[in-house]
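Peer 1: After the structure tokens below, expect a handful of questions from me.
2 protein chains.
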Amino acid sequence: MSDWREFEQNPVSHSAAHHLTTIQWLLDDQGYARVSDVARHLGITRGSVSVTLKGLRQRGLVVEDDHKHLSLSEEGVQIARGIRTKRVLIQALFREVLGVPDEVAEQDACKVEHLISDQTAEATGGFLVGLEKISSDSQWTHLLESLQRLAAATPASFPGSATQELALRLEKKDPQGEDQPS
Amino acid sequence: MSDWREFEQNPVSHSAAHHLTTIQWLLDDQGYARVSDVARHLGITRGSVSVTLKGLRQRGLVVEDDHKHLSLSEEGVQIARGIRTKRVLIQALFREVLGVPDEVAEQDACKVEHLISDQTAEATGGFLVGLEKISSDSQWTHLLESLQRLAAATPASFPGSATQELALRLEKKDPQGEDQPS
DNA sequence: TCAACATGTTTGGGCTGCCAAACTTGTCGG
DNA sequence: CCGACAAGTTTGGCAGCCCAAACATGTTGA
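Chains Z and L are the protein sequences, given in the same order. Quick note: to get the working numbering, add 119 to the position in the first sequence (first position is 1). Quick note: to get the working numbering, add 119 to the position in the second sequence (first position is 1).
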């Protein structure tokens, strides 16, 4: 329990992460990004964006063009890409593996993208790559599909009885949890 | 226009979530919970806890015993259990499926526990239950293990080349150029 | 040329959540 | 009975982020 607030020492806050990824997205999409564009996309006021970006400029993550056009510094690009990659991976994990509807997967991924460790993100990537490689094996895909159905089976409420029961077991054997019902 | 700040309208904030689960943990562990215990456990001052708990009391989530002993209301228990369950499930997902070391899995789970939707949490539960059921079939466990190895293979840095490549593909094939930076 | 409009910035406020420090209580050993 | 200490509360500050509103600028169409 050393650091439950560890996310607070993240390179960028939740808010900053969204500012950066938004700028990058705007650049990709329309070739330029201004304060107003960012504000519109994030659904906040220009004033708020202006202030936040002032900070990000000072931190060297955002650069302002000669004519109020925004772009990202090398470091800014690095951070934005990392976060974006994490979002896509987590979203795919939830969607492809757990069978969660894409919109929900995206929302959840969006909420946690900047919190997931590099290690878990990388593991997600590795897992998905492996999954892709064996996706030609129909036996496996059948299994995965039935697991997905099972996963998405209870649209009712959380926590369902089976889930609750599993969670209790997981909690109990917390010490050295192995997945063996043996 | 899915709101990227959606987490802000959660029933409880990140901070509140930790206060609640801490009280529950303390009750389970030592049979009682006081302001000082919660403060110690969270690594913040008694003053902060005192103020926060005053709010949670007013919201009817926390109850104060006759002698400064804290406990949770019915609703408080509900919320705390839900969050705790989510943490355990996500942690297990990362550990058992992705092959992430338990400490890392716990840290990540801890950071996102209160953000994950009920639907994704339930799907995680369903998936793990299904996985458990077929864990006797060595064919699948072997497959899973090799996937885990693949997942955890690159302890190096994030994002690894394969992961990066996958992420790019995932991003590309996103149906609509992703109209919502969400 | 000039009013109208879009854009960017600044400022004052609010809310959450943390700390430090002063204060209040309650309990216990001498 | 009293001093000391642990526990709880209150208060003033600070930081992050958001809004609203007043301003400053720049572009444009009539």
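We treat Cβ as the ideally placed atom computed from N, Cα and C, and that holds for glycine.
Please classify S276(L): does DSSP put it in a helix, a strand, or coil?
Peer 2: Coil.
Peer 1: Assuming contact is defined by CB atoms lying nearer than 8 Å, are S192(L) and G179(L) in contact in what I supplied?
Peer 2: Cβ distance < 8 Å, so S192(L) and G179(L) count as in contact.
Peer 1: With a threshold of 8 Å on Cβ separation, who are the neighbours of A158(L) within its own chain once the five nearest residues in sequence on each side are excluded?
Peer 2: If we look at A158(L) and ignore the five residues flanking it on each side, its Cβ neighbours are T164, R165, S167, V168.
Peer 1: Which residues in chain L have a C-beta closer than 9 Å to the C-beta of D237(Z)? List them in chain order.
Peer 2: Those within 9 Å of D237(Z) in chain L are S276, F277, P278.
Peer 1: Measure how close the beta-carbons of S277(L) and A240(Z) come, nearest whole angstrom, since I'm counting them as under 8 Å.
Peer 2: Note that residue 277(L) is Phe in the sequence shown here, rather than Ser. The Cβ separation is near 5 Å, so the contact holds.
Peer 1: Would you tell me roughly how many angstroms separate the C-alpha atoms of L145(L) and L139(L), rounded to the nearest one?
Peer 2: One C-alpha to the other measures close to 10 Å.
Peer 1: Would you mind giving the Cβ-Cβ distance between L172(Z) and V196(Z), rounded to the nearest angstrom? I have them listed as a contact below 8 Å.
Peer 2: Contact flag wrong, Cβ pair sits at about 15 Å.
Peer 1: Mind listing the chain L neighbours of H234(Z)? Cutoff is C-beta to C-beta under 9 Å, in chain order.
Peer 2: His is not the amino acid found at residue 234(Z); the sequence shown has Leu there. In chain order: D227, K230, V231, L234.
Peer 1: If we define contact as Cβ-Cβ less than 8 Å, is Q295(L) a contact residue for chain Z?
Peer 2: In this prediction, Q295(L) scores a pLDDT of 43, lower than 50, which makes its location untrustworthy; no coordinate-derived value is stated.
Peer 1: With a threshold of 8 Å between beta-carbons, can V223(L) be considered close to chain Z, or not?
Peer 2: Yes - at least one Cβ of chain Z is within 8 Å of the one on V223(L).
Peer 1: Under 7 Å from any heavy atom of the ligand COA, does the C-beta of E290(L) make it?
Peer 2: Summarising the ligand content, the structure contains no ligands, and the ligand COA is consequently not present.
Peer 1: Figure out for me which residue from T141(Z), E225(Z), H233(Z) has the closest Cα to the Cα of V131(Z).
Peer 2: Checking every option, the nearest Cα to that of V131(Z) belongs to H233(Z).
Peer 1: Smallest Cα separation from E264(Z): which of G249(Z), Y151(Z), V216(Z), K230(Z)?
Peer 2: Selected option, being the one with the closest Cα: V216(Z).
Peer 1: Any beta carbon of chain Z sitting closer than 8 Å to that of Q128(L)?
Peer 2: The predicted model places Q128(L) with a pLDDT of 46, which falls under 50 and marks its position as unreliable, so this point remains unresolved.
Peer 1: Give the range of the beta strand (DSSP E) segment to which E183(Z) is assigned.
Peer 2: Residues 181-183.
Peer 1: Going by CA-CA distance only, name the one from K187(L), V223(L), I253(L), V207(L) that's closest to D156(L).
Peer 2: It is K187(L).
Peer 1: Taking just the CA atoms, how far does G279(Z) sit from L287(Z)?
Peer 2: Looking at the two C-alpha atoms, the distance is approximately 12 Å.
Peer 1: When you compare only the Cα positions, how much space is there between H137(Z) and S190(Z)?
Peer 2: H137(Z) and S190(Z): Cα-Cα distance of roughly 14 Å.
Peer 1: Measure the beta-carbon distance from R218(L) to R176(L) and round it to whole angstroms, keeping in mind my assumption that it falls under 8 Å.
Peer 2: The sequence as given places Gly at residue 218(L); Arg does not occur at that position. That pair is no contact at about 42 Å.
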